[in-house]
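Each protein sequence line maps, in turn, to chains A and B. Add 544 to a position in the first sequence, counting from 1, and you land on the number used in the numbering used here. Add 544 to a position in the second sequence, counting from 1, and you land on the number used in the numbering used here. A virtual CB, placed ideally from N, CA and C, is assigned to each residue, including glycine. Worksheet: the structure to be examined is printed underneath.
Number of protein chains: 2
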Amino acid sequence: MKELVEAICKQGVGVGTDVVKVDMFLNHRLDTALYVKMGQAFADAFLEYQPEIVLTVEASGIAAAITTAMACGNIPVVFAKKSPTRNVTGDVYESRVYSFTHGVENHIRVDKEYLPKGAKVLVVDDFLANGEAAEGLCDLVNQSGGEVIGVGICVEKSFQPGRQKLQDLGYRVISLAKITGIVDGKLQVKE
Amino acid sequence: MKELVEAICKQGVGVGTDVVKVDMFLNHRLDTALYVKMGQAFADAFLEYQPEIVLTVEASGIAAAITTAMACGNIPVVFAKKSPTRNVTGDVYESRVYSFTHGVENHIRVDKEYLPKGAKVLVVDDFLANGEAAEGLCDLVNQSGGEVIGVGICVEKSFQPGRQKLQDLGYRVISLAKITGIVDGKLQVKE
Numbered sequence: 545m546k547e548l549v550e551a552i553c554k555q556g557v558g559v560g561t562d563v564v565k566v567d568m569f570l571n572h573r574l575d576t577a578l579y580v581k582m583g584q585a586f587a588d589a590f591l592e593y594q595p596e597i598v599l600t601v602e603a604s605g606i607a608a609a610i611t612t613a614m615a616c617g618n619i620p621v622v623f624a625k626k627s628p629t630r631n632v633t634g635d636v637y638e639s640r641v642y643s644f645t646h647g648v649e650n651h652i653r654v655d656k657e658y659l660p661k662g663a664k665v666l667v668v669d670d671f672l673a674n675g676e677a678a679e680g681l682c683d684l685v686n687q688s689g690g691e692v693i694g695v696g697i698c699v700e701k702s703f704q705p706g707r708q709k710l711q712d713l714g715y716r717v718i719s720l721a722k723i724t725g726i727v728d729g730k731l732q733v734k735e
Numbered sequence: 545m546k547e548l549v550e551a552i553c554k555q556g557v558g559v560g561t562d563v564v565k566v567d568m569f570l571n572h573r574l575d576t577a578l579y580v581k582m583g584q585a586f587a588d589a590f591l592e593y594q595p596e597i598v599l600t601v602e603a604s605g606i607a608a609a610i611t612t613a614m615a616c617g618n619i620p621v622v623f624a625k626k627s628p629t630r631n632v633t634g635d636v637y638e639s640r641v642y643s644f645t646h647g648v649e650n651h652i653r654v655d656k657e658y659l660p661k662g663a664k665v666l667v668v669d670d671f672l673a674n675g676e677a678a679e680g681l682c683d684l685v686n687q688s689g690g691e692v693i694g695v696g697i698c699v700e701k702s703f704q705p706g707r708q709k710l711q712d713l714g715y716r717v718i719s720l721a722k723i724t725g726i727v728d729g730k731l732q733v734k735e
């Protein structure tokens, strides 16, 4: 998406060889107009597969999920909750997600009643790097007996293995911008 | 707001005398159409004070913040991040927030560069009970030298002291629905 690529080029910062800082418009301060356009872009890409629910994980996925859900005709959003501990009751679907950024393992979970059996689910997240979060979200959908109709990602670090992992599992992955590398603190970006 | 009151009456559940469960449309599963209307209602209430930024706290405040920001003409959203630990660098504004729900103290923080001096800030959150989160958000704005033009709350538990606390501090508080009590598991609600 042209506007997202421009925002990354203009405002994004690379640190070292693999840290991408885009929190001035994507995941701390949110560029609202950009989020509206990203939601529309996901709807354009996935509406033909008739999504019924947009699933994301707290916190920064929520903005993209709701603008996408609006553009898909106001379908509901469900966001998985993160917690360092395992849930012991049986009323949730739960998956383990390792965060390379923070070096910790989280459990993500969704109340069973909000992910009904047979639902067509569009998974959305702001970032794709190693693919742990997206894979965990798809796992929750599979546990529920639902169908992942696609995975929509705002910014993909295409020099990390997330996309390959998701595609190997059979998921349709669309990202709106790809960061291919970092050269002298400058992010290399393509659509 | 009529639609929100209806959703609470129809779907909300009270537990004991003070636990309100509305996560089927407000803070786990999100009713997208309702969020769009809540954003519009906040814009209707606060646009005359010319908000430049919508400030909220992760995670469940983000959906209301972005629909409000859209209705205010696509102004940016900033969300404070929660952490159990104090930040030791000087590049953030930070406030302590006690969570009565979880019985823990969190620190909420915002990068200084995303809350510029003099900005007119609309604070938005999904819930108001004891007012800790909203008060912490207002504190961040005050630290930055900005102005809190108002506090917009989706659901207020009006039998708890949050509103009074915020009003005593001089803030303009608008909530879209008030839960006045719980009788036999049924939520008592008014606009």
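Asked: is_contact[B/ASP655, chain A] using C-beta, thresh 7 Å; Found: yes
Asked: Min CB distance B/LEU574 to chain A below 7 Å; Found: yes
Asked: B/ASP669, enclosing alpha helix (DSSP H) - first and last residue; Found: That residue, B/ASP669, is in no alpha helix (DSSP H); its beta strand (DSSP E) goes 664-672.
Asked: Cβ-based neighbour list, B/VAL685, same chain, cut-off 6 Å, excluding 5 preceding and 5 following; Found: VAL665, VAL692
Asked: Exposure of B/ASP701, with buried meaning 16 or more beta-carbon neighbours within 10 Å; Found: What sits at residue 701 of chain B in the sequence shown is Lys, not Asp. Buried, since its Cβ has 16 or more Cβ neighbours within 10 Å.
Asked: Interface positions of the stretch 651-679 of chain B facing chain A (Cβ-Cβ less than 7 Å), listed along the chain; Found: ASP655, TYR658
Asked: Inter-residue spacing [alpha-carbon to alpha-carbon] between B/CYS682 and B/VAL667; Found: 7 Å
Asked: Distance between beta carbons of B/GLY689 and B/GLY662, contact taken as under 8 Å; Found: 6 Å
Asked: Within-7 Å CB hit, A/CYS618 to chain B; Found: For the sequence presented, residue 618 of chain A should be read as Asn rather than Cys. For A/ASN618, the answer is yes, since a Cβ of chain B falls inside 7 Å of its Cβ.
Asked: Distance between B/ILE597 and B/ARG612 (C-alpha atoms, nearest Å); Found: Note that residue 612 of chain B corresponds to Thr in the displayed sequence, not to Arg. When rounded, the distance between both Cα atoms is 10 Å.
Asked: Among B/GLY560, B/ASP562, B/TYR658, B/LEU599, the one whose alpha carbon lies nearest that of B/ASP670; Found: B/LEU599
Asked: C-beta atoms of A/ASN736 and A/GLN708 nearer than 7 Å; Found: The structure shown has nothing for residue 736 of chain A, since chain A only spans 545 to 735.
Asked: Start and end residues, alpha helix (DSSP H) containing B/PHE590; Found: 576-590
Asked: Short Cβ contact (7 Å threshold) for B/VAL601 with B/ILE652; Found: yes
Asked: Beta-carbon separation (whole angstroms), A/GLY647 vs A/ALA678, contact threshold 8 Å; Found: Contact flag wrong, Cβ pair sits at about 19 Å.
Asked: CB contact below 7 Å: A/GLU602 versus chain B; Found: yes
Asked: Chain-ordered neighbours of A/TYR579 on chain B, where CB pairs are closer than 7 Å; Found: ILE610
Asked: Reference A/GLU676; option with closest CA among A/VAL727, A/ARG716, A/THR645; Found: A/THR645
Asked: Straight-line gap, A/ALA609 to B/MET582 (C-alpha atoms, nearest Å); Found: 17 Å
Asked: Beta carbon of A/LEU503 nearer than 7 Å to that of A/VAL717; Found: The structure shown does not extend to residue 503 of chain A, since chain A spans only 545 to 735, so no value can be given for it.
Asked: Simplified DSSP assignment, three categories, for B/ASN676; Found: According to the sequence shown, residue 676 of chain B is Glu rather than Asn. DSSP places B/GLU676 in helix when its eight states are reduced to three.
Asked: Minimum Cβ-Cβ distance from A/ILE606 to chain B less than 7 Å; Found: yes
Asked: Within chain B, the residues that A/ALA613 reaches when beta carbons sit closer than 8 Å; Found: LEU574, THR576
Asked: 8 Å Cβ shell around B/GLY729 - same chain, five flanking residues per side excluded; Found: VAL557, GLY558, VAL559
Asked: Euclidean distance between Cα positions of B/CYS549 and B/GLU735; Found: The question names Cys, but residue 549 of chain B in the sequence shown is Val. Distance between the alpha carbons of B/VAL549 and B/GLU735 is about 7 Å.
Asked: Buried or exposed by the 16-neighbour rule on C-beta atoms within 10 Å, applied to A/TYR658; Found: buried
Asked: Partners in chain C for B/VAL621, counting only beta-carbon separations shorter than 9 Å; Found: Included in the structure are the protein chains A and B, with no chain C among them.
Asked: Rounded straight-line distance, which links the Cα of B/LEU672 to that of B/ILE697; Found: 6 Å
Asked: Expected contact under 8 Å - CB spacing of A/THR576 and B/MET614 to nearest Å; Found: 6 Å
Asked: Reference B/CYS616, options B/SER719, B/LYS722, B/GLN594, closest by Cα; Found: B/GLN594
Asked: Buried versus exposed call for A/ASN631 [16 or more other C-beta atoms within 10 Å across all chains shown]; Found: exposed
Asked: Top-ranked residue by Cα proximity to B/PRO620, from B/LEU731, B/ILE606, B/SER627; Found: B/ILE606
Asked: Reduced DSSP category for A/GLY634 - H, G, I as helix; E, B as strand; rest coil; Found: coil
Asked: Opening and closing residue of the beta strand (DSSP E) in which B/ALA624 lies; Found: 621-627
Asked: Segment limits, beta strand (DSSP E) that includes B/GLU649; Found: 648-655
Asked: Host alpha helix (DSSP H) of B/GLN594 (start-end); Found: Premise fails: B/GLN594 is in no alpha helix (DSSP H) and is neither H nor E.
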